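Just remember that the numbering used here sits 1 ahead of the position in the sequence shown, which is counted from 1.
Yeah, the Cβ is synthetic: ideal placement off N, Cα and C, and Gly gets one too.
Source: prediction; values computed, not measured.
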Amino acid sequence: MHPEPIRGEPTSLRASDGFPLGASRFAATAPLRGRIVVAGATGVPQGFYASFASHAAHNGFETLTFDYRGVGRSKPATLVGFQASFLDWARLDLTAAVEAFANDDAPLFVVAHSFGGHALGLIPNHHRIAGCQAFAAGAGWHGWMSPLERARVWMLWNAILPPIVRWKGYLPWSLLGLGEDLPLGVYRQWRRWCQFPRYFLDDPTLPELAQRCAQVRVPIVAVNALDDAWAPPRSRDAFLLNAYPRATIERVDIDPRELGPIGHVGYFRKKARPLWDRALAWFSERGLEVDHGLAFSHGPTRI
Numbered sequence: 002m003h004p005e006p007i008r009g010e011p012t013s014l015r016a017s018d019g020f021p022l023g024a025s026r027f028a029a030t031a032p033l034r035g036r037i038v039v040a041g042a043t044g045v046p047q048g049f050y051a052s053f054a055s056h057a058a059h060n061g062f063e064t065l066t067f068d069y070r071g072v073g074r075s076k077p078a079t080l081v082g083f084q085a086s087f088l089d090w091a092r093l094d095l096t097a098a099v100e101a102f103a104n105d106d107a108p109l110f111v112v113a114h115s116f117g118g119h120a121l122g123l124i125p126n127h128h129r130i131a132g133c134q135a136f137a138a139g140a141g142w143h144g145w146m147s148p149l150e151r152a153r154v155w156m157l158w159n160a161i162l163p164p165i166v167r168w169k170g171y172l173p174w175s176l177l178g179l180g181e182d183l184p185l186g187v188y189r190q191w192r193r194w195c196q197f198p199r200y201f202l203d204d205p206t207l208p209e210l211a212q213r214c215a216q217v218r219v220p221i222v223a224v225n226a227l228d229d230a231w232a233p234p235r236s237r238d239a240f241l242l243n244a245y246p247r248a249t250i251e252r253v254d255i256d257p258r259e260l261g262p263i264g265h266v267g268y269f270r271k272k273a274r275p276l277w278d279r280a281l282a283w284f285s286e287r288g289l290e291v292d293h294g295l296a297f298s299h300g301p302t303r304i
């Protein structure tokens with residue numbers, strides 16, 4: 002039997018520039034072992050992570066979920082003319098969440114889903130993070146995908162989305178059943194960076210992004226499902242291994258025969274609870290290592 006779900010308490014969170022963000026705090030119901038900030042995926046509202054956050058809270062991890070500006074509870078009345086970009090989501094929104102939740106009484110961890118794994122390297126306060134579990138983080142380039150998905154994604158970026166975005170003035174992602182609608186600036190950066198094999202690391206107009214990522218020393222466990230059409234393991238390796246050369250990265254490949262189909266978002270559905278337990282166990286171990294000043298190293302694994 003699983004305990005009753007914990008309802009997140011709505012809390013106010015101000016981005017670094019003062020923009021109000023919708024957030025929820027899940028208070029730990031067991032002795033405090035750490036704090037977790039959930040850095041979500043593009044177009045995925047924070048409510049999708051509530052089951053994980055509740056599970057973490059029951060296991061002694063106070064957890065914060067939030068919506069990036071323009072999404073979910075951080076959305077304005079209209080996205081037409083609304084200014085927001087991926088860089089804003091990282092530098093202003095995630096930065097503020099990390100700063101608000103960091104406290105010396107317990108180590109701070111990040112659970113990153115897709116974009117969250119990119120944003121880790123773009124925030125100035127990554128040194129406050131004791132460890133990161135990154136799920137479905139990849140380069141976004143269609144060339145890393147299977148031939149069928151490669152063709153579908155190429156059509157999406159080059160034939161389907163441009164006229165729709167011109168018509169609406171933002172990315173109406175919900176029309177395609179692919180997530181929440183997105184600000185125009187997010188769409189433009191996403192489309193541009195997905196043209197490069199190593200995502201924004203290859204953007205010649207923003208060399209400072211790779212330089213910022215190279216400063217990250219946060220230990221990372223990078224979990225990717227073999228059936229994740231958008232972020233298969235080779236896409237993960239193209240981005241993460243090049244983005245964070247100074248970080249210790251443990252790569253974990255999930256065989257869908259273990260938990261059933263995962264895809265790109267199934268990591269946070271209830272059937273993936275074994276993945277959550279592994280993540281929380283690793284956080285607990287990492288917390289002890291931080292307390293004792295121990296270093297560690299992991300090679301790639303497959304389960």
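Query, Result
"Collapsed DSSP secondary structure at Pro11 in the structure displayed", "strand"
"Residues bridged to Gly132 [DSSP beta-bridge criterion]", "Phe110"
"Beta strand (DSSP E) segment containing Gly44, residue limits", "From DSSP, Gly44 is part of no beta strand (DSSP E); its letter is neither H nor E."
"Assigned exposure category for Asn60 - 16 Cβ within 10 Å defines buried", "buried"
"Cβ shell of Phe269 (< 8 Å), same chain only, five flanking positions each side left out", "Phe49, Tyr50, Ser52, Phe53, His114 and Phe136"
"9 Å Cβ cutoff, Pro205 in contact with chain B", "Of the chains in the structure shown, none is chain B; there is only one protein chain."
"Proximity below 9 Å, CB of Gly117 to CB of Leu95", "yes"
"Three-state secondary structure assigned by DSSP to Ser25", "strand"
"Beta-carbon proximity check, Val111 vs Val39, cutoff 9 Å", "yes"
"Gln134 vs Ile221 beta-carbon contact at 9 Å", "yes"
"Distance, Pro163 Cα to Ala131 Cα", "40 Å"
"Phe20 versus Arg258: straight-line alpha-carbon distance, rounded", "43 Å"
"Neighbourhood of Lys272 by C-beta, 8 Å cutoff - its chain only, sequence neighbours within 5 removed", "Leu260 and Gly261"
"Residues near Tyr201 in its chain [Cβ-Cβ closer than 6 Å; skip 5 each side]", "According to the sequence shown, residue 201 is Phe rather than Tyr. Excluding sequence neighbours, Phe201 sits near Trp194 and Leu210."
"Local Cβ density within 10 Å of Asp18, reported as buried at 16 or more and exposed below that", "exposed"
"Close Cβ partners of Pro275 (< 7 Å) along its chain, the five nearest in sequence each way excluded", "Leu260"
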